[in-house]
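Listed in order, the protein sequences are those of chains D and L. The first sequence begins at 0 in numbering that gives the first Met the number 0 and counts up by one. The second sequence begins at 0 in numbering that gives the first Met the number 0 and counts up by one. Where a beta carbon is used, it is the ideal one built from N, C-alpha and C, also for glycine.
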Amino acid sequence: MAKKQYAFYPGCSSQKKASADNFLRSIDKVCEKLDVQLNEIPDWNCCGASIGYGEGGELPRLVLSARNLALAEQNMPGQDMVSVCPACWLASRETAERMHESQSLLAEANEALKEAGLNLKGEVKARHFVEVLIEDLGWDAMKAPVVKPLEGLKVAGYVGCQTNRPFGIAGESFENPKYLDKMVETMGAEPLTRYEQKVTCCGGALAFSEPEKAQKQIRDIVESAYDHGADMIVTPCQLCQANVEIYQSEINKKQGTKLNLPVVYYSQLMTVAYGGSAKEAGLDGQLIKAEKLEGIASK
Amino acid sequence: MSDMNTQAVARYRNNFLKEVEERVEDGHWVRMCMQCGVCAGSCPLGPHWEHSPQKIFMMIRAGKREEVLTSDAMWMCTSCYNCIVRCPRKLPITHIMHGLAHYSHRLGLAPKGQPTREIAKLFWDSLVKTGRVNELKFSLAMYFKDGFGQGIKNAMAMQGVGLGLVKAGRLNPMEILGGHACKDKGGIQKMIAKAQEIENRKKGLTA
Chain D
0 MAKKQYAFYP GCSSQKKASA DNFLRSIDKV CEKLDVQLNE IPDWNCCGAS
50 IGYGEGGELP RLVLSARNLA LAEQNMPGQD MVSVCPACWL ASRETAERMH
100 ESQSLLAEAN EALKEAGLNL KGEVKARHFV EVLIEDLGWD AMKAPVVKPL
150 EGLKVAGYVG CQTNRPFGIA GESFENPKYL DKMVETMGAE PLTRYEQKVT
200 CCGGALAFSE PEKAQKQIRD IVESAYDHGA DMIVTPCQLC QANVEIYQSE
250 INKKQGTKLN LPVVYYSQLM TVAYGGSAKE AGLDGQLIKA EKLEGIASK
Chain L
0 MSDMNTQAVA RYRNNFLKEV EERVEDGHWV RMCMQCGVCA GSCPLGPHWE
50 HSPQKIFMMI RAGKREEVLT SDAMWMCTSC YNCIVRCPRK LPITHIMHGL
100 AHYSHRLGLA PKGQPTREIA KLFWDSLVKT GRVNELKFSL AMYFKDGFGQ
150 GIKNAMAMQG VGLGLVKAGR LNPMEILGGH ACKDKGGIQK MIAKAQEIEN
200 RKKGLTA
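This is the structure in structure tokens:
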């Protein structure tokens with residue numbers, strides 16, 4: 000089977016030695032096993048994320064994504080743009096859809112893009128890597144490379160916000176999306192399907208500016224996973240991962256709790272199930288060690 | 000008060016709804032709100048803001064310009080998009096709240112020292128400088144936003160987390176010397192400036 004090719008938009012957090020460096024290593028391994036080729040868009044820029052609106056107006060924000068889309072169109076013609084970061088995906092997809100729908104908005108964006116020597120036709124689609132897995136490859140293909148089913152591992156599937164809203168994965172509900180649990184199950188682990196904090200907000204960027212308010216959200220997300228007997232939390236989102244993992248020690252310090260639950264990415268589960276090492280899965284990047292998963296990887 | 004604000008007051012007089020419709024992102028949706036309150040009940044930061052989106056929309060229609068534009072409510076948005084997907088009338092509530100935050104910030108009416116307003120500005124500045132956000136410089140700028148002494152205190156309080164990230168290979172101390180950047184940062188800066196110019200022209204905003 001020919002390799003599936005995509006124009007890849009990694010985003011700021013996935014750069015070398017950035018906060019999701021380990022996530023990207025596991026994505027690389029998953030792609031290798033599933034015969035997917037991600038072609039990095041040359042000279043891509045930041046999408047503006049969910050906090051860009053304060054200083055950046057509507058068009059300045061839209062042109063950030065328009066530039067990435069134009070670079071994808073130009074350098075990887077015919078390939079869909081794929082992001083692994085929900086914020087990157089959200090900004091890119093919103094821009095792609097709006098540019099596709101409105102000729103006048105596209106013309107305005109192109110007037111600005113001309114300053115950077117670019118032009119957008121508005122034909123490229125912006126997709127999430129989870130869509131590639133589910134829609135382009137399918138569940139059987141995802142299961143095929145499993146050589147070490149993650150037996151006995153209890154996993155709370157934490158989808159969070161922006162992978163799920165406002166776009167989400169086609170066919171899934173906003174209140175109770177099921178694909179992450181299904182991915183956990185496909186890798187041979189046990190999904191805790193009654194975990195009720197599945198789509199709760201971790202505080203997002205407000206973890207920086209309003210730490211107490213965000214840490215209340217995070218405490219709920221972690222404690223509920225404990226209540227359901229989870230060995231770990233799994234998520235598709237870089238900011239969810241960082242917030243929910245990093246601030247557990249802060250919450251312990253301030254509130255006397257003893258939170259210490261690993262938070263991993265779906266691709267890290269997949270890498271281990273596909274026979275990859277702990278290092279290939281990026282498990283050396285956890286602040287709270289995912290010991291059970293490392294144990295399976297070294298078996 | 001900024002010149003831009005004086006100019007806006009003169010232009011729209013008592014018609015704040017019209018001002019929002021013409022100048023705020025997705026502001027033309029405001030009159031579609033039917034005051035059901037689902038947004039208010041869906042917001043994760045519900046207990047913390049001064050006004051719910053539902054209230055803000057009614058206040059806009061009632062012409063309460065100053066109360067709306069000085070409210071801290073828009074700055075409590077985590078961008079979780081709960082309100083958008085639950086709104087029975089499909090109002091893009093998250094976008095409207097972002098738009099109101101941006102507009103109040105540009106007019107100079109947004110609450111001074113509001114922490115999310117401040118980090119939003121630091122984030123944007125970091126991205127405009129190199130085309131990509133430098134997580135280390137952004138974090139440090141945030142710790143030091145209230146002066147050097149407070150910065151050291153903040154940085155010390157978070158040093159365990161920082162060192163943990165460095166050890167895990169997820170934070171590179173060398174980023175302070177430059178770090179990741181786009182090659183065409185000049186082009187990106189010109190592009191953003193042009194986009195701002197077009198937007199100002201379209202919305203009749205003069206600085």
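Per DSSP, the continuous beta strand (DSSP E) segment holding D:L37 begins and ends at V35 to E39. For D:E150, the secondary structure class from DSSP, reduced to helix, strand or coil, is coil. The segment 155–164 of chain L makes no contact with the segment 67–81 of chain D: fewer than 3 CB pairs, one atom from each, lie closer than 8 angstroms. One Cα belongs to L:H101, the other to L:S138, and the distance between them is close to 22 angstroms. Looking at the DSSP output, D:R218 bridges to nothing.
Cα atoms of L:R105 and L:M73: separation of roughly 14 angstroms, rounded to the nearest angstrom.
C-alpha of D:S25 to C-alpha of D:K278: approximately 9 angstroms in a straight line. Pairing D:G121 with L:K120 gives a Cβ-Cβ distance that is not under 8 angstroms. Linking D:D34 to D:M269 through their CA atoms gives a straight-line distance of about 14 angstroms. Excluding sequence positions up to five before and after D:I168, its CB lies within less than 8 angstroms of the CB of H127, V129, E130, I133, T162, P176 and Y178, all in the same chain and listed in chain order. Per the coordinates, the alpha-carbon of L:H27 lies some 7 angstroms from the alpha-carbon of L:V19.
For the segment 67–118 of chain L, the full-length alpha helix (DSSP H) segments reaching 4 residues or more read 81–85 and 92–106 along the chain. Per DSSP, D:G137 has no beta-bridge partner at all. In the displayed model, L:R64 falls within a helix according to three-state DSSP. As computed with DSSP, D:S82 is found in a beta bridge with D:Y8 and D:H127. Taking a contact as a CB-CB distance under 8 angstroms, the pair D:G116 and L:G148 does not count as one, their CB atoms being some 45 angstroms apart. Ranked by Cα distance from L:V132, the options D:L258, D:C45, D:L23 and D:K291 are led by D:C45.
In this structure, the CA atom of D:M98 is about 29 angstroms from the CA atom of L:M33. Annotation: D:S13 to D:M186 spans about 24 angstroms, alpha carbon to alpha carbon.
Between L:V84 and D:R164, the C-beta gap is smaller than 8 angstroms, which places the two residues in contact. Rounded to whole angstroms, the separation of the alpha carbons of L:N13 and D:G10 is 44 angstroms. For D:Q14, a Cβ of chain L is located within less than 8 angstroms of the residue's own Cβ. One thing to note: D:A125 has its Cβ within 8 angstroms of the Cβ of D:M80. Taking all protein chains shown into account, D:E211 has fewer than 16 neighbouring C-beta atoms within 10 Å of its C-beta and is therefore exposed. Chain D has no Cβ within less than 8 angstroms of the Cβ of L:V29.
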